[in-house]
Amino acid sequence: EAKSASQHSYRFFEPQMNLALRRFVETRDALRVGLEQAEFELYYQPQIDLLSGRVVGAEALLRWRRDGQRLVPPDDFIQVAEESGLIASIGRWVLQEACRQAAIWHASGWPHLSVAVNLSAAQFRQADIEQDVAAALDASGLDPRCLELELTESLFMQEVESISEMLMGWKARGIQLAIDDFGTGYSSLAYLKRFQVNRLKIDRSFIADILHDEQDRAIVQGVIQIARGLGLQTLSEGVETSRQAAQLRRMGCDMAQGYLYAKPLSAPQFASWLRHRAGRSTAGPSRDEPPS
Ligand code: C2E
Ligand code: MG
Ligand code: MG
Ligand code: MG
Numbered sequence: 382e383a384k385s386a387s388q389h390s391y392r393f394f395e396p397q398m399n400l401a402l403r404r405f406v407e408t409r410d411a412l413r414v415g416l417e418q419a420e421f422e423l424y425y426q427p428q429i430d431l432l433s434g435r436v437v438g439a440e441a442l443l444r445w446r447r448d449g450q451r452l453v454p455p456d457d458f459i460q461v462a463e464e465s466g467l468i469a470s471i472g473r474w475v476l477q478e479a480c481r482q483a484a485i486w487h488a489s490g491w492p493h494l495s496v497a498v499n500l501s502a503a504q505f506r507q508a509d510i511e512q513d514v515a516a517a518l519d520a521s522g523l524d525p526r527c528l529e530l531e532l533t534e535s536l537f538m539q540e541v542e543s544i545s546e547m548l549m550g551w552k553a554r555g556i557q558l559a560i561d562d563f564g565t566g567y568s569s570l571a572y573l574k575r576f577q578v579n580r581l582k583i584d585r586s587f588i589a590d591i592l593h594d595e596q597d598r599a600i601v602q603g604v605i606q607i608a609r610g611l612g613l614q615t616l617s618e619g620v621e622t623s624r625q626a627a628q629l630r631r632m633g634c635d636m637a638q639g640y641l642y643a644k645p646l647s648a649p650q651f652a653s654w655l656r657h658r659a660g661r662s663t664a665g666p667s668r669d670e671p672p673s
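Quick note on full-length UniProt numbering: the sequence shown kicks off at 382 and runs consecutively.
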């Protein structure tokens, strides 16, 4: 019923309006205010090359400082944003801000860092996402090769015909494409062949118990092997311990992201994290210690 609420416009709460719908309307209206008041922030979580230990980029993760106070995580509002259509404007802001921030890193001593931006399937239906991506790159001057777009498996299931030209166009410009949470959706291996994304992000549910669960290990090893056979990179999400990182490196996983390295950090926190990490190594900002 949340869907229909986005199509009609309720001015006040009917007493019989059920709680779920009421929550939806409240959150939607607060999100509108949030957009006007610039209450959104991006946090950045580093992505590490497992062989060299270098920081290669960061994933931009959306936060909402609701009423200028508590920090609300995306799982608490993204669905409302999608069902209300607000994801189009929010997503446009995310692209602009992430590219702007990455250009700042490039100008301040980290010229190779990439930034990964999450795109939900709803954005492809509701926004002119092609235009939004192009505009964010133009405004920031960011090298397109340093922008990575994280797509979901559901996108490939639903929208594949209508977006295939767009994806090819992005690839032709050098924009990187990743599949997020790989293995949790209705994975079809056919689209991997057809679309040649750059990277598979292995969902953290397979990583959490990888040291002790043989089945998880088998799945991860299988994904890595398929990716290698297709010439794609793999990144493991939710890496929390150095033993997990070592295991994944042995298994041939290329990259990792998780609390082991850093939680998602505000832009200033991320910059000081980079400086601190560079300071620990002898070779300057572009080199890093391998994870232990
Ligand atoms: P995701 O893209 O799979 O992002 C990874 C999530 O895992 C993040 O949650 C991150 O904080 C969390 N995480 C990272 N490392 C670890 C770890 O070592 N252990 C554990 N337990 N968790 C870890 P977050 O930031 O709450 O984001 C949740 C989801 O919201 C994201 O999942 C993504 O699907 C969505 N999202 C975030 N930002 C955006 C955005 O700008 N646009 C859209 N459309 N979706 C977004
Ligand atoms: Mg993601
Ligand atoms: Mg993910
Ligand atoms: Mg996820």
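Ideal placement from N, C-alpha and C gives every residue a C-beta, glycine not left out. On a predicted model such as this, the values are computed, not experimentally measured, just so you know.
Residues near residue i by beta carbon distance below 7 Å, same chain, minus five either side
{"i": "T565", "result": "D584, S586"}
{"i": "L476", "result": "V498, D513, V514, A517"}
{"i": "D561", "result": "N499, E531, L532, T533, K582"}
Inter-residue spacing [alpha-carbon to alpha-carbon] between residue i and residue j
{"i": "L548", "j": "F576", "result": "8 Å"}
{"i": "Q557", "j": "L592", "result": "30 Å"}
{"i": "Q614", "j": "N399", "result": "46 Å"}
{"i": "E463", "j": "R444", "result": "15 Å"}
{"i": "E422", "j": "S568", "result": "31 Å"}
{"i": "A503", "j": "S470", "result": "12 Å"}
{"i": "F537", "j": "A648", "result": "31 Å"}
{"i": "residue 685", "j": "S535", "result": "Outside the displayed span of the chain (382 to 673) sits residue 685, for which this structure offers no information."}
{"i": "R658", "j": "D519", "result": "31 Å"}
{"i": "K574", "j": "Q418", "result": "43 Å"}
{"i": "Q428", "j": "A401", "result": "37 Å"}
{"i": "A483", "j": "A553", "result": "21 Å"}
{"i": "Q650", "j": "I588", "result": "26 Å"}
{"i": "R609", "j": "G449", "result": "45 Å"}
{"i": "Y424", "j": "L442", "result": "5 Å"}
{"i": "Q507", "j": "A637", "result": "32 Å"}
{"i": "S495", "j": "A439", "result": "6 Å"}
6 Å CB neighbourhood of residue i in its chain, flanking five on each side removed
{"i": "G639", "result": "G619, V620, E621"}
{"i": "R526", "result": "G555"}
{"i": "E511", "result": "M547"}
Assigned secondary structure, residue i (DSSP; H/G/I helix, E/B strand, else coil)
{"i": "W445", "result": "strand"}
{"i": "S385", "result": "Confidence is the limiting factor: at S385 the pLDDT is only 48, short of 50, which leaves the residue's position unreliable, though a coordinate-based value still follows. S385: helix per DSSP, three-state reduction."}
{"i": "S495", "result": "strand"}
{"i": "I560", "result": "strand"}
{"i": "residue 674", "result": "No answer is possible for residue 674: the residues shown for the chain start at 382 and end at 673."}
{"i": "F421", "result": "strand"}
{"i": "A637", "result": "strand"}
{"i": "K582", "result": "strand"}
Cβ-based neighbour list, residue i, same chain, cut-off 8 Å, excluding 5 preceding and 5 following
{"i": "R413", "result": "L467"}
{"i": "A559", "result": "A497, E529, L530, E531, L532, V578, N579, R580, L581, K582, L616"}
{"i": "R447", "result": "A411, G415, E420, V453"}
{"i": "W654", "result": "P427, A643, L646"}
Any non-hydrogen atom of ligand 6 within 7 Å of residue i CB
{"i": "E440", "result": "With respect to ligand 6, the structure offers nothing, as its ligand set consists of ligand 1, ligand 2, ligand 3 and ligand 4."}
> Looking at C-beta atoms only, is the number of pairs between the region 399-408 and the region 615-630 that lie closer than 8 Å three or more?
Replying inline: Verdict: no, contact absent.
>> Measuring CB atoms only, is the region 601-608 touching the region 637-644, in the sense that at least three cross pairs come out at less than 8 Å?
In response: The answer is no - the region 637-644 does not touch the region 601-608, with fewer than three Cβ pairs under 8 Å.
> Quick one, what's near ligand 3 if you take every residue whose CB is closer than 6 Å to any heavy atom, in chain order?
Replying inline: Matched residues: D561, D562, K582, E618.
>> Within 8 Å, do at least three Cβ pairs link the region 532-542 to the region 451-458?
In response: Counting C-beta pairs closer than 8 Å gives fewer than three between the region 451-458 and the region 532-542, which falls short of the contact rule.
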